[in-house]
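Q: Have a look at this one before I ask anything.
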Amino acid sequence: MSLPLGFRVDVLEGARIALFSLKANRLRTVLTTLGIGIGVATLLAIVGIIQGLNTSFHRQLSTFGANTLYVSKWPWMMKGDWWMYRNRKNFTLDQVDRLRTLAPFLSAISPSVQRAADVAHGGEQMSTVRIQGVMQEYLTISGYEVTGGRFLTEADEEVTRPVAVIGADVADALFAGISPLGRSIRIDNRTFQVVGTLSRKGKIVNESMDLVVFIPFKTFYSNFGKGRGFEIAMAVADAADVRRAEDQLVGILRRIRSTPPGAPDDFSINKSEAFAQTYEQLTGALYGVALGVGLITLLVGGIGIMNIMLVSVRERTREIGVRRALGARKRTIVFQFLMEAASVSAVGGLLGTTVGLGTAKVVSLITPLAADVQPGTVIGGVAFAALVGLLFGIWPAARAANLDPVEALRYE
1 MSLPLGFRVD VLEGARIALF SLKANRLRTV LTTLGIGIGV ATLLAIVGII QGLNTSFHRQ
61 LSTFGANTLY VSKWPWMMKG DWWMYRNRKN FTLDQVDRLR TLAPFLSAIS PSVQRAADVA
121 HGGEQMSTVR IQGVMQEYLT ISGYEVTGGR FLTEADEEVT RPVAVIGADV ADALFAGISP
181 LGRSIRIDNR TFQVVGTLSR KGKIVNESMD LVVFIPFKTF YSNFGKGRGF EIAMAVADAA
241 DVRRAEDQLV GILRRIRSTP PGAPDDFSIN KSEAFAQTYE QLTGALYGVA LGVGLITLLV
301 GGIGIMNIML VSVRERTREI GVRRALGARK RTIVFQFLME AASVSAVGGL LGTTVGLGTA
361 KVVSLITPLA ADVQPGTVIG GVAFAALVGL LFGIWPAARA ANLDPVEALR YE
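Using my numbering, the letters of the sequence shown correspond one by one to residues 1 to 412.
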């Protein structure tokens with residue numbers, strides 16, 4: 001459906017006069033544009049950093065796997081009484097075996113226990129390396145890939161063999177330029193033979209997933225004490241069934257842990273969703289702050305546009321009177337001033353978008369913070385700036401259109 005000819009003429013004529021007016025008042029245009037540009041730049045810089053953090057976080061979180069669950073007496077995100085969790089009973093290997101029997105929907109299951117320790121080879125040493133005792137099926141659950149040698153086996157577990165599979169960071173630091181396979185490392189002065197190396201997984205929540213050494217579960221307990229509690233890592237065959245599997249696990253775990261009817265669960269089922277929910281709460285607050293700062297700055301810029309447009313109306317009162325006397329309609333005058341305000345705001349939004357994106361990029365280069373602005377955000381920033389111009393230009397435009405032609409012609 002085409003627009004009426006008169007409307008199109010009004011729009012084109014209004015646009016032509018608006019652009020001429022902006023060109024004739026360059027300093028005023030620049031100052032007005034600057035106010036809007038600062039608001040848009042502030043908003044996009046913060047949003048760009050937050051979106052970059054979101055992208056990076058969700059990419060890191062995917063390393064957990066969408067079909068994995070972790071059962072422990074401790075929740076990953078603790079709420080409530082610490083002593084309540086502290087007094088829960090530790091899990092036992094017998095409970096792991098019963099869980100494996102009673103939960104056929106699990107494709108893999110492994111106990112997991114860990115501690116930090118010093119790891120050394122020759123003259124090289126690393127501190128606070130994560131030493132993790134696991135069983136054979138943990139490889140399937142964790143999503144690691146073996147790049148050399150092999151992972152832990154059932155035989156390693158049965159005879160508590162002192163063997164280790166090392167992460168990429170450990171391999172790079174202790175065995176630079178040589179193959180670690182078959183060589184020995186010392187974990188707190190205990191000797192282990194390296195039988196495998198793992199692919200790189202990167203970081204999650206600023207913690208390296210590659211600064212790790214896996215050893216057999218029973219070997220861990222025989223070397224580092226049996227007083228430590230452990231969690232149970234498990235994988236569900238189909239990621240779509242995770243929520244249903246979680247519901248079934250509650251009943252099975254209460255049964256194998258002999259939890260009395262009516263008593264609260266004495267265990268926690270953890271999954272990556274817990275991190276995601278906490279993270280979204282934090283970034284939601286940041287988005288609110290960013291939106292508030294940006295809106296306040298744009299409000300100041302919009303008030304500046306309105307004031308300058310009112311000045312423009314006063315300066316061009318006689319011009320408006322002449323145009324009205326020659327037959328110009330009110331809507332033509334309104335279009336002219338609205339398009340002038342919207343043009344200034346759109347240009348300011350475009351410049352602010354460029355500055356905001358540049359700022360976010362610089363921040364991502366010189367700090368650990370990532371930056372990733374989506375195309376929709378850029379378009380939205382420019383469009384929103386133009387909308388601010390339209391809104392704050394309504395009053396000046398209406399005032400110009402409602403001037404009495406006779407009084408306007410007498411204005412000096």
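C-beta atoms are modelled at their ideal positions from N, C-alpha and C, and glycine is treated no differently.
1. Given a cut-off of 9 angstroms, decide if Ile308 and Ile320 are closer than it, judged by their beta-carbon atoms.
2. Leu3 by DSSP, collapsed to three states: which one?
3. So, are the CB atoms of Ala41 and Thr317 less than 9 angstroms apart?
4. So, are the CB atoms of Thr197 and Ala171 less than 9 angstroms apart?
5. Which residues mark the beginning and the end of the beta strand (DSSP E) in which Phe105 is found?
6. Note down the Cα distance separating Lys226 from Ile232, rounded to an integer number of angstroms.
7. Taking Asp210 as the reference, give the member of Trp82, Leu326, Ser345, Gly143 with the closest Cα.
8. Determine whether the beta carbon atoms of Val293 and Thr33 lie at a separation below 9 angstroms.
9. Do you know how far the Cα of Asp266 is from the Cα of Arg257?
10. Starting from Ser142, trace the alpha helix (DSSP H) in both directions and tell me its first and last residue.
11. Could you name the residues of the same chain whose beta carbon sits closer than 7 angstroms to that of Ala290, not counting the 5 residues immediately before and after it, in chain order?
12. Got a sec? Which residues, its chain only, sit under 6 angstroms from Leu3 by beta carbon, not counting five neighbours each side?
13. Please classify Thr495: does DSSP put it in a helix, a strand, or coil?
14. Using a Cβ-Cβ distance cut-off of 9 angstroms, determine whether Thr42 contacts chain B.
15. In chain order, what residues of the same chain have a beta carbon less than 7 angstroms from the beta carbon of Arg200, not counting five sequence neighbours either side?
16. Check each candidate in Asp97, Gly288, Ile252 and name the one with the smallest Cα separation from Ile269.
17. Less than 9 angstroms separating the beta-carbons of Asp188 and Phe224?
18. Since Pro405 contacts Arg324 with CB under 8 angstroms, what's their CB separation in whole angstroms?
19. Could you have a look at Asn67 and say whether DSSP puts it in helix, strand or coil?
20. Our contact map puts Gly381 next to Ile38 with C-beta atoms below 8 angstroms; I'd like the distance itself, whole angstroms only.
21. Looking only at its chain, what residues have a beta carbon closer than 6 angstroms to the beta carbon of Leu5, apart from the 5 residues adjacent to it on each side?
22. Assign Gly177 to one of two classes, buried (16 or more other C-beta atoms within 10 Å of its C-beta) or exposed (fewer than that).
23. Check each candidate in Ala398, Ala235, Leu299 and name the one with the smallest Cα separation from Ala108.
24. Going by beta-carbon coordinates alone, are Ala397 and Ser345 separated by less than 9 angstroms?
25. Under 6 angstroms Cβ to Cβ from Glu193, same chain only, skipping five residues before and after it: list those, please.
26. How big is the Cα-Cα spacing for Glu154 and Tyr85?
27. Roughly how many angstroms lie between the CA atoms of Lys73 and Trp82, to the nearest whole one?
28. Does Met339 come out as helix, strand or coil in the three-state DSSP assignment?
29. Identify every residue that forms a DSSP beta bridge with Val113.
30. Can you give me the Cβ contacts of Glu407 inside the same chain, cut-off strictly under 8 angstroms, excluding the 5 residues immediately before and after it?
31. Just grab the DSSP bridge partners of Lys203 for me.
32. With 16 as the cutoff for other CB atoms within 10 Å, does Glu340 come out buried or exposed?
33. So if DSSP puts Met126 in a beta bridge, which residue, or which two residues, is it bridged to?
34. Where Gly80 and Gly133 are concerned, what is the direct C-alpha to C-alpha distance, given to the nearest angstrom?
35. Quick one: what does DSSP say Val213 is sitting in, helix, strand or coil?
A: Answer, in terms of the structure:
1. The sequence position of residue 320 within the sequence shown is 320, counting from 1. The sequence position of residue 308 within the sequence shown is 308, counting from 1. Ile320 is not a Cβ neighbour of Ile308, given a cutoff of 9 angstroms.
2. Residue numbering aside, residue 3 sits at position 3 when the sequence shown is read from its first letter. Here the model assigns Leu3 a pLDDT of 47, short of 50, so the residue's position is not dependable, and the following value carries that caveat. In the structure shown, Leu3 adopts coil according to DSSP, grouped into three states.
3. Counted from its first residue, the sequence shown places residue 41 at position 41. Counted from its first residue, the sequence shown places residue 317 at position 317. Contact: no.
4. Residue mapping note: residue 197 aligns to position 197 of the sequence shown, counting from 1. Residue mapping note: residue 171 aligns to position 171 of the sequence shown, counting from 1. Yes, the pair counts as a contact, with Cβ atoms nearer than the cut-off.
5. Stepping through the sequence shown from its first residue, residue 105 is reached at position 105. That residue, Phe105, is in no beta strand (DSSP E); it is neither H nor E in DSSP.
6. On the sequence shown, residue 226 is found 226 positions in, with the first residue counted as 1. On the sequence shown, residue 232 is found 232 positions in, with the first residue counted as 1. When only Cα atoms are considered, Lys226 and Ile232 end up about 16 angstroms apart.
7. Here residue 210 refers to the residue found at position 210 of the sequence shown. Taking only the C-alpha atoms, the option nearest Asp210 is Gly143.
8. Start at 1 with the first residue of the sequence shown, and residue 293 comes out as number 293. Start at 1 with the first residue of the sequence shown, and residue 33 comes out as number 33. Between Val293 and Thr33, the CB-CB gap reaches or exceeds 9 angstroms.
9. If you number the sequence shown from 1, residue 257 lands on position 257. If you number the sequence shown from 1, residue 266 lands on position 266. Asp266 has its alpha-carbon roughly 8 angstroms from the corresponding atom of Arg257.
10. Along the sequence shown, read from residue 1 onward, the residue named residue 142 stands at position 142. Run containing Ser142: 138-142, per the alpha helix (DSSP H) assignment.
11. Along the sequence shown, read from residue 1 onward, the residue named residue 290 stands at position 290. Hits under 7 angstroms: Leu43, Ile46, Val47, Ile50.
12. The sequence position of residue 3 within the sequence shown is 3, counting from 1. Note that Leu3 scores a pLDDT of 47, beneath 50, so its modelled location is shaky and nothing firm can be said.
13. Residue 495 lies beyond the range of the chain shown here (1 to 412); nothing can be said about it.
14. Structure shown: chain B not included; a single protein chain is present.
15. Working through the sequence shown from its first residue, we reach residue 200 at position 200. Here the set comprises Ala168, Asp210.
16. Walking along the sequence shown from the start, residue 269 turns up at place 269. For Ile269, the closest of Asp97, Gly288, Ile252 by C-alpha to C-alpha distance is Ile252.
17. Counting from one through the sequence shown, the residue named residue 188 turns up at place 188. Counting from one through the sequence shown, the residue named residue 224 turns up at place 224. Yes.
18. Your numbering for residue 405 matches position 405 in the sequence shown. Your numbering for residue 324 matches position 324 in the sequence shown. About 4 angstroms separates the two Cβ atoms, so the contact holds.
19. As a working mapping, residue 67 is identified with position 67 in the sequence shown. Coil, per DSSP.
20. Residue numbering aside, residue 381 sits at position 381 when the sequence shown is read from its first letter. Residue numbering aside, residue 38 sits at position 38 when the sequence shown is read from its first letter. For Gly381 against Ile38, the beta-carbon gap comes to about 13 angstroms, at or over 8 angstroms, which does not count as contact.
21. Numbered from 1 along the sequence shown, position 5 holds the residue referred to as residue 5. The predicted model places Leu5 with a pLDDT of 49, which falls under 50 and marks its position as unreliable; any figure quoted below should be read in that light. Counting only residues of its own chain and dropping the five nearest sequence neighbours on each side, Leu5 has no CB closer than 6 angstroms to any other CB.
22. As a working note, residue 177 is residue 177 in the sequence shown. With fewer than 16 other beta carbons inside 10 angstroms of its own, Gly177 counts as exposed.
23. Residue 108 sits at position 108 when you count from the first residue of the sequence shown. The shortest CA-to-CA distance from Ala108 to any of Ala398, Ala235, Leu299 is the one to Ala235.
24. Residue 397 sits at position 397 when you count from the first residue of the sequence shown. Residue 345 sits at position 345 when you count from the first residue of the sequence shown. Going by C-beta atoms, Ala397 is not nearer than 9 angstroms to Ser345.
25. Here residue 193 is taken as the residue at index 193 of the sequence shown, counted from 1. In the sequence as presented, Glu is not what sits at residue 193; that position holds Gln. Excluding residues within five positions, the ones whose Cβ falls inside 6 angstroms are Val163, Ser184.
26. As a position in the sequence shown, residue 154 is number 154, starting the count at 1. As a position in the sequence shown, residue 85 is number 85, starting the count at 1. Cα to Cα, Glu154 sits roughly 32 angstroms from Tyr85.
27. By 1-based counting over the sequence shown, the position of residue 73 is 73. By 1-based counting over the sequence shown, the position of residue 82 is 82. Distance from the CA atom of Lys73 to the CA atom of Trp82, rounded to whole angstroms, is 11 angstroms.
28. On the sequence shown, position 339 is the one that residue 339 refers to. Helix at Met339.
29. Within the sequence shown, the letter at position 113 stands for residue 113. Answer by DSSP bridge pairing, in chain order: Gly133.
30. Translated into the one-based positions of the sequence shown, residue 407 becomes position 407. Only Gly321 meet the Cβ criterion.
31. On the sequence shown, position 203 is the one that residue 203 refers to. In the DSSP output, where bridge partners are listed per residue, Lys203 has Ser208.
32. The residue labelled residue 340 in the question sits at position 340 within the sequence shown. Buried, since its Cβ has 16 or more Cβ neighbours within 10 Å.
33. Position 126 of the sequence shown, counted from the first residue, corresponds to residue 126. Partner(s): Val119.
34. If you number the sequence shown from 1, residue 80 lands on position 80. If you number the sequence shown from 1, residue 133 lands on position 133. Approximately 29 angstroms, taken between the alpha carbons.
35. The count along the sequence shown starts at 1 and reaches residue 213 at position 213. Note: Val213 maps to strand in three-state DSSP.
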